[in-house]
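Residue numbers (our numbering): 2 to 146.
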């Protein structure tokens, strides 16, 4: 059996890896977002299986391959040591559930108070925008806060 370094060509560059925490209340679609990210060809693809705590996705950007290691977390985030290992944060809420937007705001405040957002990209993700008739959080409302 060959070691991984023996299989790779001598001039290959190791893949850079980034830890991304996907944080949000249950039911906002974190697992579905990951499924969509894995296969952008399948619009409205939904995998009802429970997603594991961590998933790795390889991407190529500007000709360079990187690995995004997504760790999904629920609305409770209190382990600063674990969060400090992350390179970026995605805070997810559902536009059809105003309570999840309020929770996302609280999560952003917690990350800010832990001083984790100053040097790490932090993105607020509005999910389920395809359910326009059921929308309870307007685009304008998210900008004003």
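We treat Cβ as the ideally placed atom computed from N, Cα and C, and that holds for glycine.
Keep in mind the model is a prediction, meaning the values are calculated, not measured.
Separation of residue j from residue i, as counted between CA atoms
i           : j           : result
residue 128 : residue 98  : 10 Å
residue 105 : residue 27  : 11 Å
residue 69  : residue 134 : 33 Å
residue 109 : residue 65  : 30 Å
residue 59  : residue 67  : 6 Å
residue 18  : residue 88  : 9 Å
residue 52  : residue 103 : In this predicted model, residue 52 has a pLDDT of only 48, less than 50, meaning its place in the structure is not dependable enough to derive any value.
residue 71  : residue 117 : 17 Å
residue 40  : residue 139 : 28 Å
Start-to-end residues for the alpha helix (DSSP H) that takes in residue i
i           : result
residue 114 : 99-114
residue 39  : 31-39
residue 85  : 81-85
Cβ-based burial, residue i [other Cβ within 10 Å; buried from 16]
i           : result
residue 1   : The structure shown has nothing for residue 1, since the chain only spans 2 to 146.
residue 81  : exposed
residue 74  : buried
residue 84  : buried
residue 130 : exposed
residue 86  : exposed
residue 16  : exposed
residue 62  : exposed
residue 132 : exposed
Residue j beta carbon less than 9 Å from that of residue i
i           : j           : result
residue 123 : residue 96  : no
residue 22  : residue 111 : no
residue 101 : residue 25  : yes
Span of the beta strand (DSSP E) around residue i
i           : result
residue 18  : 17-24
residue 119 : Neither: residue 119 is in no beta strand (DSSP E) and is coded neither H nor E.
residue 92  : 89-95
residue 135 : Per DSSP, residue 135 belongs to no beta strand (DSSP E) and is neither H nor E.
residue 75  : Premise fails: residue 75 is in no beta strand (DSSP E) and is neither H nor E.
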